[in-house]
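Heads up, the thing below is written out as structure tokens.
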Amino acid sequence: QKEVEQDPGPLSVPEGAIVSLNCTYSNSAFQYFMWYRQYSRKGPELLMYTYSSGNKEDGRFTAQVDKSSKYISLFIRDSQPSDSATYLCAMSATGNQFYFGTGTSLTVIP
Amino acid sequence: DAGVTQSPTHLIKTRGQQVTLRCSPKSGHDTVSWYQQALGQGPQFIFQYYEEEERQRGNFPDRFSGHQFPNYSSELNVNALLLGDSALYLCASSLYGPGNNEQFFGPGTRLTVL
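Protein chains in written order, with the numbering used here: chain A, 1 to 110; chain B, 111 to 224.
In structure tokens, the structure reads:
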């Protein structure tokens, strides 16, 4: 079983839609969670960082962590064509070695 | 404020050769982590350096080695290259210690092994 599971998509939504991206994990020791956006052939760009459980909001992005269900989510409100990218979740028990999902490919259609 | 930089951008090598990749961390960061990202996959952790020592290592063979310099920059060395080593190699910088673990990535070095 992989440490982190993420639906690869692809996911296609109309401009302005709310996007929900999810990851599940098996290691109950994970307590550091991050979401990255990666454009084709570029390095990942950090979007959200969360420690332990709860919600965090930053502009159009909201990250949720449910440690009891071992499930994390990223919501994107008012999605834009520029949001079209691959979204990666990452998590760690120690804050040193991070385990990544395979990424979800998102396309926002104008 | 300069972000994470990596060099070179692209590299083509043949099987059996050796390669060295370089990384300069974001200003103020003291920790460098290296990841390998194969096409269509998420990054896989290779190792992390802090205070010029390897602090943690992922499931990679000894052909992968590294170094951190006093100015916090780092190198990744790969010996005896295999075709399967073809990937995007990413460097991430952060601050060491709990609660400050956001990792910021560089643009990566794309390695092709022929």
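Built from N, CA and C at the ideal position, the CB exists for glycine as well.
Legend entry - At least 3 beta-carbon pairs within less than 8 Å: the segment 23 to 33 of chain A vs the segment 200 to 207 of chain B: Cβ pair count under 8 Å is below three, so no.
Inset, instruction - Report the residues of the segment 89 to 102 of chain A with a CB closer than 9 Å to any CB of chain B, ordered along the chain. - result: Here the close residues are 89, 90, 92, 94, 95, 96, 97, 98, 99, 100, 101, 102.
Inset, instruction - Could you tell me the boundaries of the beta strand (DSSP E) in which residue 15/A lies? - result: Counting along the chain, residue 15/A falls outside any beta strand (DSSP E), and DSSP gives it neither H nor E.
Inset, instruction - List the residues of chain B that residue 16/A touches, going by C-beta distances under 9 Å, in chain order. - result: Within chain B, no residue comes near residue 16/A; the closest Cβ sits about 28 Å away, beyond 9 Å.
Legend entry - Simplified DSSP assignment, three categories, for residue 47/A: strand
Legend entry - Distance between residue 58/A and residue 106/A (C-alpha atoms, nearest Å): 19 Å
Legend entry - Meets three-Cβ-pair contact criterion under 8 Å: the segment 146 to 155 of chain B and the segment 184 to 204 of chain B: yes
Legend entry - Reduced DSSP category for residue 204/B - H, G, I as helix; E, B as strand; rest coil: strand
Inset, instruction - Could you spell out where the beta strand (DSSP E) holding residue 63/A opens and where it closes? - result: 61 to 66
Inset, instruction - Classify residue 82/A as buried or exposed, calling it buried when 16 or more other Cβ atoms lie within 10 Å of its own Cβ. - result: exposed
Legend entry - For residue 169/A, the residue or residues it bridges with in DSSP: One cannot answer for residue 169/A here, as it falls past the ends of chain A, which runs 1 to 110.
Legend entry - Boundaries (first-last residue) of the beta strand (DSSP E) holding residue 123/B: 120 to 123
Legend entry - Short Cβ contact (8 Å threshold) for residue 130/B with residue 187/B: yes
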